[in-house]
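> I'd like to ask some things about the structure below.
4 protein chains.
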Amino acid sequence: MSQHRIDELLSVFGLLRRSAYRIVQYCVLAIGLAAMMAMTIPDLGARSATWLAVTLWCCLGFFAAELTIKSWPRAGAKAAPRYLLSGPGLIDLLAVLPIPLALLFGAPTGTAWLLASLWLLKLAPVVPGLSLLGRVIEQEARPLASVFVIFLIVLLLSAVALHLLERAGQPERFGSVPRSLWWAVTTLTTTGYGDAVPETFLGRMIAALVMICGLGVFGLWTGILATGFAAEHRRREFVQNWDLVTSVPFLRNLDAPSVIELTRMLRRLDLAGHTVVVRRGRPGDCMYFIASGEVEVRLEPQPVRLGAGAFFGEFALLDGGPRTATVVTTMPSTLLILEVSDFRSFTAHHPELAQTIETEAARRKSAEGRPRHGHATAPAIPGKRHR
Amino acid sequence: MSQHRIDELLSVFGLLRRSAYRIVQYCVLAIGLAAMMAMTIPDLGARSATWLAVTLWCCLGFFAAELTIKSWPRAGAKAAPRYLLSGPGLIDLLAVLPIPLALLFGAPTGTAWLLASLWLLKLAPVVPGLSLLGRVIEQEARPLASVFVIFLIVLLLSAVALHLLERAGQPERFGSVPRSLWWAVTTLTTTGYGDAVPETFLGRMIAALVMICGLGVFGLWTGILATGFAAEHRRREFVQNWDLVTSVPFLRNLDAPSVIELTRMLRRLDLAGHTVVVRRGRPGDCMYFIASGEVEVRLEPQPVRLGAGAFFGEFALLDGGPRTATVVTTMPSTLLILEVSDFRSFTAHHPELAQTIETEAARRKSAEGRPRHGHATAPAIPGKRHR
Amino acid sequence: MSQHRIDELLSVFGLLRRSAYRIVQYCVLAIGLAAMMAMTIPDLGARSATWLAVTLWCCLGFFAAELTIKSWPRAGAKAAPRYLLSGPGLIDLLAVLPIPLALLFGAPTGTAWLLASLWLLKLAPVVPGLSLLGRVIEQEARPLASVFVIFLIVLLLSAVALHLLERAGQPERFGSVPRSLWWAVTTLTTTGYGDAVPETFLGRMIAALVMICGLGVFGLWTGILATGFAAEHRRREFVQNWDLVTSVPFLRNLDAPSVIELTRMLRRLDLAGHTVVVRRGRPGDCMYFIASGEVEVRLEPQPVRLGAGAFFGEFALLDGGPRTATVVTTMPSTLLILEVSDFRSFTAHHPELAQTIETEAARRKSAEGRPRHGHATAPAIPGKRHR
Amino acid sequence: MSQHRIDELLSVFGLLRRSAYRIVQYCVLAIGLAAMMAMTIPDLGARSATWLAVTLWCCLGFFAAELTIKSWPRAGAKAAPRYLLSGPGLIDLLAVLPIPLALLFGAPTGTAWLLASLWLLKLAPVVPGLSLLGRVIEQEARPLASVFVIFLIVLLLSAVALHLLERAGQPERFGSVPRSLWWAVTTLTTTGYGDAVPETFLGRMIAALVMICGLGVFGLWTGILATGFAAEHRRREFVQNWDLVTSVPFLRNLDAPSVIELTRMLRRLDLAGHTVVVRRGRPGDCMYFIASGEVEVRLEPQPVRLGAGAFFGEFALLDGGPRTATVVTTMPSTLLILEVSDFRSFTAHHPELAQTIETEAARRKSAEGRPRHGHATAPAIPGKRHR
């Protein structure tokens, strides 16, 4: 148990170090991008050229150091070449290499530093949604491609039609099909710059049709992406929740279909240490299961600590009253939230769960052995300590 | 029972007073905002300066009085400092304080009164959807952040690319990355002002890609927000309906899964007093449960009053005929609507409900003891008094 | 039965007359609107003034005649005043009265005829979706209002902010709050005319935020309307299909939950007389139930007629082969379509339906007593006459 | 079996030939369209006129040859006239005929070659989504028409209103209703060219309303199309998957409701030959059923081949570990993917499937008779050869 505590402390420390490192990285990123932008502003770039250059070189140095450390051969890590070929490694390489190379090959300083915009890609691996989006595009490739072909056909036919109709009147705007295509793109996406506008009657009729088609294409695109994203998101959440649900002994003992149903209902909540989860006196609209970490229920004579596998906040659901105690995490914790609507729906179909929750609460209370002040609205259920 | 009647009357009176007060508040708000706007119009502002100033000071006085009354210490209310720190209190403070402070610190009158636009925030607590929106954004924070990062990456990379390609030809529009970013924002959101338009071939190709990405980003955004909003809306409605359903004795006696199912189907309807709910002769496509309040069924010899817990409008669903009586609320009431499609679906799976409804109707009819004129299309079911 | 046949013929005749009348009405509408538009074109309006005026007066006469006939007191129809106060009656009045009134009160001819645009409202009652839309807006009033308040708050705050920031540089565009509001509206809706564009750095930052908010507001709006529309559409379709399903004896005999399930699956198809429903040799992906009307199955020695309550097209679903006979409606008919995916899903859960369909097919075949040429791919099932 | 192998080889060869032919066709299409566009660019078109003309004639020749071959009368194919009247035939005709005809009837060369844009229609039959879209539009015709009528009414009324309000100030833009309509279309679709902008106060109020209506119309349109597309897509996928599922003996033996449920869960994956399906060491989030084709499981002493009807990748789902072997297709194959979330949900409700999978795996292992190196994380389940 002592070993477990040490491991826990180490993991908390590692987490803190990691998140502190991440904040430093974001700051360097923001400063670097700001300096790059400032450099391109004629006046400012000339006046503070030295300072901006120093800043940019520092940022580059930081990213180079990061790349070196990450790709350094060491036990328990990927080998350097393998890391450099993986996704994050490639992004790190893209952040460091192009700028010196461009300077080496004689590109003007101002232009070379524009490559610093590639640093923004460092955000990509952090964001979970990007890989999600990749999968959605892969899975919905066929309908998306269909819509894209419709887009292309409407684009080209309308561009040719407007070239025919408008080239006499506006040769500089519709004089060739590529120019006409530019008009078609801005119109079909309903961007509408207004730099090229049809002026003949027929041209305007076709333009109106193109706009309406644009709405349709847009609608399909939106629908496909949104539906696919929602489905993939749900699927991924299910897989993550499943691992968490099966780590809670109390939930694991339910029969398989119930576990599946509950996994679909639960929502994951990752909290840092010392965060307030539930505040005394507030209305309660959900209960919590602790998948990992620990919380402290701030009861009057003496607070109570609940570890992984426990649950709290159920009394507010059972009697509809406000929260009776404040609950705070003591370390970074992962909780599973069960909304009141899902709780009611689930216990209606599985009355044994409500039974188990009440039994468990009674058991925990008798183990403590301290009778709490009664509760006016629901005196039948004893010991509503952590609501 | 007499006490109950008095309480009811008091609550009705309170409601009326509250809604009358709200109308006054809205009028003051509208007049104040109009005066503020008029003040900024050069001619008008100069001509009627005095009148506008008087109007604005009156509105400010109204809101100051409102703030004072609301934060006055009294029994059964929050203490003043606590109210001022709550959401509505902060909004009330924002409406009153900034303008005098700005005038005090020497801001020109015209500029100071522009702060009156903060009065519009008074609408925020009234609108239930705003807190809903807050929760949706909180819950969908991860996917929304993902889409935002995609947005940022596309934005910066396209801005840099167009800066490179167009700075030679249009230095005043793409001469620096921040200027180029302005173009990128207007294009990626498909706003398309047309003040900055790429002119090179490659620049236009990239612009076309940015527009198409814009549609995609937009689609994801729309999808995430809309899905989250719909889910949260359903959840909140469930919780509200649950409380109402469990206040109807007739529904409370169903088994738990049926209550859950029914709670999902019902739709809440808040009506003022003396409102027509159902009009005789109109086609009937739903039945009503009374969660609170009272209605009057306008039957021929003598009207019948139904209180909380009763239901009406069921005969039109049972035989498909038109409504046989007009029903009017006698006081502000909350009804629960069951659509005909849900009614049929529910009674198909729970034939005992249809049974209960018929029994209840028969019971109520025999209690009245007055046989009604028969109904041509469905003579088998007796006593279709309030369809 | 003879009486039934006559009634049927009369109803067919009435339907034809009604649809012929509708086509005439649409033509008059189109011609009238075109003439109204032509009148406003300077050259054309002057040159053919007489012809256009004659056309417009004729159209007006047509609509006046229509109004007179419809509101004429007669048996079985609404009384004139009641008709004039109903929705369609008001639209008919709006089409006829305003133009003579405007001319009477001395409006110039050109302006008076612009009121002919009200004729377009005649399309409204024909389109079922409009009342649907009305109900959606009524039901989703709360969330729609919430989004509208968000829209208003963003609009006003951004307009005031840009007024402050840009009034010095562009007084003619941002010099007053109403002018600034115009910019805010065009930006928040992502229309982006480009007639007013912020030029200061801060102004552009705020504009970018407004555009992104615009996408969000738009997304919520879209989501709420689309979800509500879909739900209401499904509900209405259920009610319509229910009446049709219960008119097919074969379906009516299923147990209640199955009828509900089937009603959700079926799709209604209204066909004119002498329309081809199914063509021999084409792949079959659905089967049909006849809710009303009659079809002719073009079998080789002699065609077979199927009336209301019958079904056809089931063999293609049972064995996956192409259609074996062409089916044509003999009169305006309403069919219910069951898609192959729903058919398989339904028969998997209700094997008795597949049984019933096969039995019914066998019964019909033996009643005819003519053995048909065998079918290569599925010889086990006898009598695949009308696939 | 030998015959079967030959047929298989022929079909693979045919597939390769077909896909090689398709690539050639796409190249010709791209080159032809590029040449057509280049011809319209004044400078380029004049300088390289000969080369462009030769290129275009070659492309036309290619399409003409294609048409001739496809419509040539031969055994097992449609007769020429019938082919020419079918969808793809008409598209082939449209690609070949119009250009020579236009040249014959004396159209200028440049204009005649613009008809080459019709070549793009050749993409249409390839894209499965187009026919899908056609069906969606057919099925959702009523609500789409409703929205279109709303669109038309808003369009015409706002155009007339702005004509009235703005014709005095901007006669060249709002001087006639058709011109005003152009403004209304660009505004209602939120395209916003900015070539016509209202300048009166009332005109701007109406324009703001039109923009907000535009968002609403857009939202409905989007919602209807997206919902319809998603539903039709699911339906079509069900039909395709059903045929595949019933070709896997192992799945066919499940009871009917389970097959339906599984068919809804599975996702189809078409792979070329020699494609890696699963890579050793990667996390596993799905299992695969082979509907047609063959895969090679790269096991250590000797690879194992699995043909149609087999499944693989199930161990990663059973114990949550990484993939233990790489799997590669040996020929073009169609696989059915079962995601881990669906797998868990399905086996929870149908424990016999998990049983069958384990039994089948054990059977296959004992048939091979070669004990494999144990697996550290889950030694209880024997023979995890192809995870």
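Residue numbers (my numbering), protein chains in the order written: chain L, 26 to 412; chain P, 26 to 412; chain R, 26 to 412; chain E, 26 to 412.
Here a beta-carbon is modelled for each residue, glycine too, at the ideal position from N, C-alpha and C.
Check Ser156(R) in the structure and name its three-state DSSP category.
Ser156(R) falls in the helix class under three-state DSSP.
> Indicate whether the contact test is met: 3 or more Cβ pairs, each with one atom in the stretch 209-226 of chain L and one in the stretch 234-247 of chain L, closer than 8 Å.
yes
> Count the other CB atoms, across all protein chains shown, that sit within 10 Å of the CB of Leu369(E); report buried if there are 16 or more and exposed otherwise.
Looking at the sequence shown, residue 369(E) is not Leu but Arg. Burial call: buried.
> Quick check on Tyr108(P): buried or exposed, where buried means 16 or more other Cβ atoms within 10 Å of its Cβ?
buried
> Determine whether the Cβ of Gly228(P) lies closer than 8 Å to any Cβ atom of chain E.
no
> Nearest chain L C-beta to Thr381(E) closer than 8 Å, yes or no?
no
> Under 8 Å, Cβ to Cβ, is there at least one residue of chain E near Gly217(P)?
Taking Cβ atoms only, chain E reaches closer than 8 Å to Gly217(P), which makes this a yes.
> Can you tell which of Leu279(E), Gly159(E), Met356(E), Val273(E) has its C-alpha closest to the C-alpha of Ala373(R)?
Leu279(E)
> Closest to Asp367(R) by CA distance: which of Glu364(E), Glu286(E), Glu319(E) is it?
Glu286(E)
> Going along the stretch 65-89 of chain P in order, which residues come within less than 9 Å of chain R, judged by CB to CB distance?
Thr65, Ile66, Pro67, Leu69, Gly70
> At 4 residues or longer, what runs of the alpha helix (DSSP H) sit wholly inside the stretch 229-294 of chain E?
274-277, 281-290
> What residues of chain R sit near His299(E), judged by a beta carbon separation below 9 Å?
By Cβ distance, chain R contributes nothing, its closest Cβ being about 32 Å from His299(E), past 9 Å.
> In chain order, what residues of the same chain have a beta carbon less than 8 Å from the beta carbon of Ser73(E), not counting five sequence neighbours either side?
Ala63
> With a cut-off of 8 Å, does the C-beta of Gly159(P) fall near any C-beta of chain L?
False, the Cβ-Cβ gap to chain L never drops below 8 Å.
> In whole angstroms, what is the alpha-carbon distance linking Ser114(R) and Phe88(R)?
With the sequence shown as reference, residue 114(R) is identified as Gly, and Ser is not the correct amino acid for it. Each residue's Cα considered, the two are about 12 Å apart.
> Mind the definition here: the stretch 322-333 of chain P touches the stretch 253-264 of chain P only if three or more C-beta pairs lie below 8 Å; say whether that holds.
no
> Check whether the stretch 221-229 of chain P touches the stretch 180-191 of chain P, counting contact only when three or more Cβ pairs, one atom from each stretch, lie closer than 8 Å.
yes
> Are there three or more Cβ pairs, one per stretch, closer than 8 Å when the stretch 158-171 of chain R is compared with the stretch 191-208 of chain R?
no
> Counting contacts by CB-CB distance shorter than 8 Å, is Met61(L) in contact with chain P?
Taking Cβ atoms only, chain P reaches closer than 8 Å to Met61(L), which makes this a yes.
> Could you run through the stretch 180-191 of chain P and flag, in chain order, every residue whose CB is less than 7 Å away from some CB of chain L?
Residues of the stretch 180-191 of chain P with a C-beta less than 7 Å from any C-beta of chain L: Leu181, Leu182, Val185, His188, Leu189, listed in chain order.
> Does any C-beta atom of chain E lie closer than 8 Å to the C-beta of Ala45(L)?
no
> So the candidates are Leu342(E), Leu269(E), Ala281(E), Arg289(E); which of them puts its Cα closest to the Cα of Gly318(E)?
Leu269(E)
> Is the shortest distance between the beta-carbon of Ser366(L) and the beta-carbons of chain E less than 8 Å?
no
> Apart from the five residues just before and just after Ile362(L), which ones in its own chain have a Cβ nearer than 7 Å to its Cβ?
Once the five neighbours on either side are set aside, the close Cβ partners of Ile362(L) are Leu291, Arg292, Leu294, Cys311, Tyr313.
> Measuring CA to CA, which of Glu377(P), Ile382(P), Glu165(P), Ser358(P) is closest to Phe337(P)?
Ile382(P)
> Where does the unbroken alpha helix (DSSP H) through Ala78(P) begin, and where does it stop?
74-96
> Kindly indicate which residue of Leu92(P), Leu157(P), Leu148(P), Pro106(P) has the alpha-carbon position closest to the one of Arg47(P).
Leu148(P)
> Leaving out five residues on either side along the sequence, give the residues of the same chain with a beta carbon under 7 Å from the beta carbon of Arg289(E).
Phe263
> Output yes if chain E places a C-beta closer than 8 Å to the C-beta of Ile178(L); else output no.
Yes - at least one Cβ of chain E is within 8 Å of the one on Ile178(L).
> Note the first and the last residue of the continuous beta strand (DSSP E) segment covering Ala316(P).
311-317
> For Val179(R), which of helix, strand or coil comes out of DSSP?
helix
> If you measure from the beta carbon of Arg260(P) to each beta carbon in chain L, is any gap under 8 Å?
yes
> If you follow the beta strand (DSSP E) that Thr359(P) is part of, which residue opens it and which one closes it?
358-364
> Relative to the alpha-carbon of Arg323(R), which residue among Met61(R), Ala297(R), Thr355(R) has its alpha-carbon at the smallest distance?
Thr355(R)
> Quick check on Pro357(E): buried or exposed, where buried means 16 or more other Cβ atoms within 10 Å of its Cβ?
It is buried - the Cβ of Pro357(E) has at least 16 other Cβ atoms within 10 Å.
> Please state whether DSSP places Val49(P) in a helix, a strand or coil.
helix
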